[in-house]
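Right, one structure below, let's go through it.
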Amino acid sequence: MTRPRARGAALLLVASMALAACTADDGDTLTVLAASSLTDAFEAIARDVEARHDVTVRLGLAGSHQLATQVLDGAPADVYASADPTQMARVVDAGLAEGPPAVFAHNTLVVAVHDRVRTVTSLADLADPGVAVVLAAEEVPAGRYARQALDTLGLEVAPVSLEPSVRAVLAKVVLGEADAGIVYASDLVAAEAEVHTIEVPAHLGPTADYPIVALRDAPHPDLAAAFVAHVRSPAGRARLAAHGFRVDQVDR
Amino acid sequence: MSRSRTRPTAPAGVRPLAAVGLGFLVLPLVALALRTPWSRLGPLLADPLVTDALRLSLTTSLSALAVAVVLGIPLAWVLARTEFPGRRLVRALAVLPMVLPPVVGGVALLLAFGRRGLFGGSLDAVTGVTLPFTTAGVVVAEAFVAMPFLVVTVEAGLRSMDTRYEDAAATLGASRWTVLRRVTLPLVAPSVAAGMALAWARALGEFGATITFAGNLPGETQTMPLAVYLALESNPQAAHLLSFLLLAVSVAVLVGLRDRYLGQP
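Residue numbers (our numbering), protein chains in the order written: chain X, 1 to 252; chain S, 253 to 517.
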């Protein structure tokens with residue numbers, strides 16, 4: 001590279017770095033820890049909140065149990081939204097919640113089946129040893145609820161893998177590696193078109209309750225409360241409903 | 253001349269920085285050792301979660317090592333001894349799994365060897381064999397990430413060895429296989445041993461590619477790193493114990509190598 005060109009490239013690099021640093025410092029950053037099944041819904045809600053307040057929302061998405069552990073280990077987060085009341089209880093019992101948690105949505109289980117698969121047409125087919133079924137691990141609420149539903153039906157299902165998150169289960173089905181997986185109804189809204197669902201009757205499995213709470217040690221307590229309020233508002237509920245969650249009978 | 257006169261004194265600040273660096277690396281390991289539940293060693297070792305994971309880790313990592321040796325040594329030989337256009341690109345590709353994030357490796361393996369993968373689809377159609385969700389799949393994932401370590405180490409050894417012995421053997425009438433077996437390999441044995449140890453340690457610790465490609469099922473595909481990851485929530489003591497076992501094995505391998513992994517015979 002010639003000298004003037006090298007200098008120009010260096011200048012451009014420094015300028016873009018400075019620009020990046022500038023935009024990163026604008027406003028506060030709100031850290032929201034949300035269960036992975038809330039990925040798409042909360043990304044939409046985060047954009048809504050960013051538009052209304054001068055804040056950048058950063059989502060930490062993982063299994064509810066991992067997030068609860070992070071909070072207990074002192075992670076600097078503002079809000080915790082869980083797919084599992086048991087995990088929320090861990091946070092509350094440790095005294096790390098700011099006020100009581102509120103249930104803001106429910107989710108129901110469905111069986112996700114790749115369109116290419118002809119061998120699975122009902123829940124009972126999951127017990128067929130020739131069908132590759134993927135479930136979430138026991139530690140993940142979706143995995144527990146799926147097990148409960150299958151046990152209630154008396155189905156002996158031998159999964160080929162126990163994934164660490166419900167989105168990982170869906171990924172295996174979408175990729176065609178697994179024939180079927182049990183995920184949340186909301187997960188399918190975001191899925192590729194090549195997957196269809198089989199309903200899990202409501203009386204079989206527990207519906208997942210999603211509690212949310214602002215954290216006691218939140219770096220931005222006012223913004224945390226505003227975020228929680230927005231999730232529980234009609235606008236927030238509309239976003240959640242659009243992403244496949246059930247928002248009837250939530251805490252008002 | 254005495255040694256103390258030829259050894260240079262460290263420039264100012266080097267020793268303190270080194271001490272900080274060492275502390276940074278050693279402190280987590282010390283913490284792990286201190287928090288391991290020694291008193292619960294017996295019942296934990298009897299837990300099927302732990303024994304399954306241990307057994308799987310050992311069998312799959314050793315199998316992956318075998319694959320790495322059988323395929324990696326010839327690859328190292330070709331890279332070190334032959335000239336062909338694009339050799340540098342080939343070497344870069346062979347080493348790529350070493351720098352690839354393991355989960356990315358797992359995704360790539362799925363796209364190649366998965367049920368609907370480039371090669372896996374045909375494999376399934378012709379032989380009915382599928383790799384994902386099987387112990388064989390774990391071996392594939394581990395071999396994928398570990399083999400480059402062996403290739404790099406052995407290639408370095410081959411390059412730095414004195415080839416005149418090979419020439420002498422050839423002029424004395426030895427066949428190419430005999431030269432390889434009786435002259436070359438014994439001369440690079442330290443590099444091969446170092447490469448094998450590194451590859452085995454890497455295979456033992458593999459997580460991202462394994463869980464993405466082979467899945468996670470106790471007794472079938474749940475190796476020690478996967479068991480630790482999931483046990484952290486439900487059974488932290490088992491997780492600490494498994495972590496310490498992995499740490500102990502890694503330390504044993506590195507100590508046993510005695511600097512050979514630095515590439516010098």
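We treat Cβ as the ideally placed atom computed from N, Cα and C, and that holds for glycine.
Is the CB-CB distance between residue i and residue j below 8 Å?
i, j, result
"residue 160/X", "residue 134/X", "yes"
"residue 543/S", "residue 392/S", "As displayed, chain S neither begins before 253 nor continues past 517, which places residue 543/S out of reach and without an answer."
"residue 232/X", "residue 104/X", "yes"
"residue 384/S", "residue 373/S", "no"
"residue 583/S", "residue 328/S", "Residue 583/S falls outside the range modelled here, since chain S spans only 253 to 517, and no answer is possible."
"residue 89/X", "residue 72/X", "no"
"residue 471/S", "residue 353/S", "no"
"residue 230/X", "residue 30/X", "no"
"residue 111/X", "residue 123/X", "yes"
"residue 102/X", "residue 129/X", "no"
"residue 237/X", "residue 45/X", "no"
"residue 78/X", "residue 241/X", "no"
"residue 490/S", "residue 299/S", "yes"
"residue 64/X", "residue 41/X", "no"
"residue 200/X", "residue 187/X", "no"
"residue 389/S", "residue 466/S", "yes"
"residue 406/S", "residue 324/S", "yes"
"residue 127/X", "residue 163/X", "no"
"residue 175/X", "residue 362/S", "yes"
"residue 494/S", "residue 302/S", "yes"
"residue 97/X", "residue 216/X", "yes"
DSSP on residue i, reduced to helix/strand/coil?
i, result
"residue 220/X", "coil"
"residue 209/X", "strand"
"residue 144/X", "helix"
"residue 25/X", "Per-residue confidence for residue 25/X stands at a pLDDT of 46, beneath the threshold of 50, marking its modelled position as unreliable; the derived number appears in the next sentence. If DSSP states are grouped into helix, strand and coil, residue 25/X belongs with the helices."
"residue 236/X", "helix"
"residue 104/X", "strand"
"residue 36/X", "helix"
"residue 59/X", "strand"
"residue 246/X", "strand"
"residue 490/S", "helix"
"residue 53/X", "coil"
"residue 114/X", "strand"
"residue 230/X", "helix"
"residue 312/S", "helix"
"residue 199/X", "strand"
"residue 271/S", "helix"
"residue 574/S", "As shown, chain S starts at 253 and ends at 517. That puts residue 574/S outside it, with no answer to give."
"residue 120/X", "coil"
"residue 97/X", "strand"
"residue 31/X", "strand"
"residue 517/S", "Model confidence at residue 517/S stands at a pLDDT of 46, short of 50, so the residue's coordinates are unreliable and nothing is read from them."
Please determine whether the Cβ atom of residue i lies at a distance below 7 Å from any heavy atom of the ligand COA.
i, result
"residue 308/S", "Questions concerning the ligand COA fall outside what the structure shown contains, since it holds no ligand whatsoever."
Identify the continuous beta strand (DSSP E) that holds residue i and give its terminal residues.
i, result
"residue 177/X", "Residue 177/X -> no beta strand (DSSP E), and no H or E assigned at all."
"residue 364/S", "Where residue 364/S is concerned, there is no enclosing beta strand (DSSP E), although the alpha helix (DSSP H) it sits in stretches over 354 to 365."
"residue 136/X", "133 to 136"
"residue 189/X", "Here residue 189/X belongs to no beta strand (DSSP E); instead the alpha helix (DSSP H) covers 185 to 189."
"residue 259/X", "Because chain X spans 1 through 252 in this model, residue 259/X falls outside it and cannot be assessed."
Using alpha carbons as the reference points, say which of the options lies closest to residue i.
i, options, result
"residue 289/S", "487/S, 407/S, 443/S and 343/S", "487/S"
"residue 249/X", "165/X, 58/X, 42/X and 107/X", "107/X"
"residue 99/X", "225/X, 235/X and 240/X", "225/X"
"residue 185/X", "82/X, 168/X, 207/X and 175/X", "207/X"
"residue 309/S", "387/S, 440/S and 337/S", "387/S"
"residue 243/X", "39/X, 32/X and 33/X", "39/X"
"residue 411/S", "502/S, 333/S and 399/S", "333/S"
"residue 198/X", "42/X, 223/X, 113/X and 214/X", "113/X"
"residue 210/X", "46/X, 7/X and 37/X", "37/X"
"residue 212/X", "62/X, 81/X and 75/X", "81/X"
"residue 54/X", "222/X, 251/X and 176/X", "222/X"
"residue 369/S", "202/X, 178/X, 228/X and 12/X", "178/X"
"residue 143/X", "251/X, 168/X and 12/X", "168/X"
"residue 404/S", "501/S, 357/S, 378/S and 345/S", "345/S"
"residue 498/S", "371/S, 414/S and 313/S", "313/S"
"residue 132/X", "97/X, 139/X, 150/X and 173/X", "173/X"
"residue 150/X", "190/X, 48/X, 203/X and 115/X", "203/X"
"residue 52/X", "227/X, 252/X and 145/X", "227/X"
Quick one: give me the first and last residue of the alpha helix (DSSP H) that residue i is part of.
i, result
"residue 69/X", "64 to 72"
"residue 160/X", "No alpha helix (DSSP H) holds residue 160/X; DSSP gives it neither H nor E."
"residue 127/X", "Taken as a continuous stretch (DSSP letters only), residue 127/X belongs to no alpha helix (DSSP H), as it is neither H nor E."
"residue 351/S", "339 to 351"
"residue 92/X", "85 to 93"
"residue 378/S", "372 to 379"
Length at least 4, wholly inside the region 450 to 474 of chain S: the alpha helix (DSSP H) runs in chain order: Counting whole runs of 4 or more residues, the region 450 to 474 of chain S contains the alpha helix (DSSP H) stretches 460 to 465.
Residue ranges of each alpha helix (DSSP H) within the region 391 to 423 of chain S, 4 or longer: 416 to 423
Runs of alpha helix (DSSP H) wholly within the region 281 to 328 of chain S (minimum 4 residues, chain order): If we require 4 residues or more, the alpha helix (DSSP H) runs fully inside the region 281 to 328 of chain S come out as 293 to 298.
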